[in-house]
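Some notes on the structure that comes next.
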Amino acid sequence: MRAVQITEFGGPEVLNVVDVPEPEAGPGQQLYDVSTAGVNYADTHQIENSYLAAQQLPLVPGAEFVGTAAGGGPRVVGLLDGGGYAQKVAAHPRLTWPVPDGVTDEQALAVVLQGATAWHLLRTSAHLAAGETVVVVAGAGGVGSLAVQLARRWGAGRVIATASSPEKRALTEELGADVSIDPALADDDPKAFAAALREANGGKPVDVVLEMTGGHVFTGSLSALAPFGRLVTYGMAARQDTPSVAPGALMQRSRAVIGFWLAHCMARPHMMDDAMTELLPLVADGALTPISGGRYPLTAVREAHQDLLARRTTGKLVLDPAR
Numbered sequence: 001m002r003a004v005q006i007t008e009f010g011g012p013e014v015l016n017v018v019d020v021p022e023p024e025a026g027p028g029q030q031l032y033d034v035s036t037a038g039v040n041y042a043d044t045h046q047i048e049n050s051y052l053a054a055q056q057l058p059l060v061p062g063a064e065f066v067g068t069a070a071g072g073g074p075r076v077v078g079l080l081d082g083g084g085y086a087q088k089v090a091a092h093p094r095l096t097w098p099v100p101d102g103v104t105d106e107q108a109l110a111v112v113l114q115g116a117t118a119w120h121l122l123r124t125s126a127h128l129a130a131g132e133t134v135v136v137v138a139g140a141g142g143v144g145s146l147a148v149q150l151a152r153r154w155g156a157g158r159v160i161a162t163a164s165s166p167e168k169r170a171l172t173e174e175l176g177a178d179v180s181i182d183p184a185l186a187d188d189d190p191k192a193f194a195a196a197l198r199e200a201n202g203g204k205p206v207d208v209v210l211e212m213t214g215g216h217v218f219t220g221s222l223s224a225l226a227p228f229g230r231l232v233t234y235g236m237a238a239r240q241d242t243p244s245v246a247p248g249a250l251m252q253r254s255r256a257v258i259g260f261w262l263a264h265c266m267a268r269p270h271m272m273d274d275a276m277t278e279l280l281p282l283v284a285d286g287a288l289t290p291i292s293g294g295r296y297p298l299t300a301v302r303e304a305h306q307d308l309l310a311r312r313t314t315g316k317l318v319l320d321p322a323r
C-alpha cells in the first residue's frame, strides 16, 4: 500500500510517499480502508520529533482517518496513535465513531481531533461559564474556528479571536467572534498583546484564553487574565521556550494555567464519546460549521505541511490517499 513515511527527522522535506506493507491489526484492533486522512499542526512537530511524545523511526505520521472496515461496513471517523497518512490503518474500534449521513469526510475529520480538543478546552479544562470573555488564539485554525463557534453557542459573554491576516480575522467574526486582533502584536512585546486583549474587552481583563502558540503570546495572555481567569495551553506553534510561571504570579490574581493534550482523553474513551456524540450531530444539523482548509493528494503532503507552517491555511487540511 502507499503511505507517507519518514526515515529521518526534519521539516516537510523528509515526507516521502512510498510503498510499505499493510499494517497488521494488533489485539483488539481492526484494519480499515482509508478514504481520507487528516492533517494536524501537531504532525509538523511529530516529524521533527519536537512534540510531547518521543517518536521512533521509520514513522508514518497521522492521528486520524475516515474509512470503512476492511471487508465492508459503515463509514467511521477514528483516532490513531500514528500511521494515518496511508491507504490502510489498524485502529481500535473503541476510538471510532459512525459518520452521520450528510457529514463529509472533511467535516468528520475536523471534529474528531480538533473539534474534540475545542470541546474539552472549553468544557473540561476552562469550565466556561455563561457571560465570561473567551480569547481564542488562532481563531481561524482547525481548533480555533470550532472553539469560536462553541464558545458563542455555550453562552460566552464576549469572544475575542486572534488571526494573522485581515481575511482570517474577518472569518473569525463571521463564525461568531465579537472582535479580532493581530497576534503579531506579541512578536516583540507581550505587554502590547496583553493591552490589545484588554482593549478588545472594553478595557477589562479577560476570563479564559485558549492558547496554542507559546512564547510572547503565552506571556501576554497570562498577563491579560482577570482574577480567577484560566489560561489553557494546548500547543507550541511558536517553537519558543515559554518563561516559567512563578507561584506568586498566579496567586496575585488567583489565575490558573492549565495544560491540555487530547491523548489523555484517548486513554479515557468515554471522554471522547462525550465530545463526539455532541459534535457530530451538531455538524449534521448545520449548527456547527467546520471550515475546510483544502484536500491535498497524498503525493502533495509536503505542500500541505509547508502551507500549515507558513500560516497560509484556515480550518481543516486533509489528504486523499487515492491520489
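Numbering (full-length UniProt numbering), first residue to last: 1 to 323. In this text, a Cβ means the ideal position worked out from N, Cα and C, and glycines have one as well.
When secondary structure is reduced to three states using DSSP, residue 302 falls in the helix class.
Per the coordinates, the alpha-carbon of residue 230 lies some 12 Å from the alpha-carbon of residue 218. For residue 197, there is no enclosing beta strand (DSSP E); the enclosing alpha helix (DSSP H) covers residues 190 to 200.
Rounded to whole angstroms, the gap between the alpha carbons of residue 151 and residue 87 is 36 Å. The residues 36, 38, 64, 66, 77, 316 and 318, in chain order, have a CB closer than 7 Å to that of residue 109 in the same chain once the five nearest residues on each side in sequence are set aside. Residue 34 and residue 89 have their C-alpha atoms spaced approximately 7 Å apart.
Counting C-beta atoms within 10 angstroms of its own C-beta, residue 257 has 16 or more neighbours from the protein chains shown and is therefore classed as buried.
In the three-state DSSP reduction, residue 209 falls in the strand class (E or B).
Here residue 126 has 208, 230 and 232 as same chain residues with Cβ atoms under 6 Å from its own Cβ, once five neighbours each way along the sequence are excluded. Relative to the Cα of residue 17, the nearest Cα in the group 48, 25 and 61 belongs to 61. Within a 10 Å sphere around the beta-carbon of residue 190 sit 16 or more other beta-carbons, which makes this residue buried.
For the pair residue 175 and residue 149, the CB atoms are nearer than the 7 Å cut-off. The shortest CA-to-CA distance from residue 27 to any of 1, 171, 92 and 252 is the one to 92. Apart from the 5 residues on each side of it in sequence, residue 130 sits with its Cβ closer than 6 Å to the Cβ of 155 in its chain, given in chain order. Residue pairing for residue 231: DSSP places it in a beta bridge opposite 209 and 257. For residue 64, DSSP records a beta bridge to 79.
With 16 or more other CB atoms across the displayed protein chains lying within 10 angstroms of its CB, residue 183 is buried. Short of 6 Å from the beta carbon of residue 306, and not among the five residues preceding or following it, lie these beta carbons of its own chain, in chain order: 12. Residue state for residue 311 is assigned as coil, using DSSP reduced to three classes.
Per the coordinates, the alpha-carbon of residue 289 lies some 21 Å from the alpha-carbon of residue 311. Looking from the CA of residue 216, the closest CA among 283, 245, 205 and 132 belongs to 245.
Exposure of residue 270 is indicated by the presence of fewer than 16 other C-beta atoms within 10 angstroms of its C-beta. In the three-state reduction of the DSSP assignment, residue 144 falls in the helix class. Shown here, residue 18 sits in a strand according to DSSP, grouped into three states. In this structure, the alpha-carbon of residue 234 lies about 38 Å from that of residue 71.
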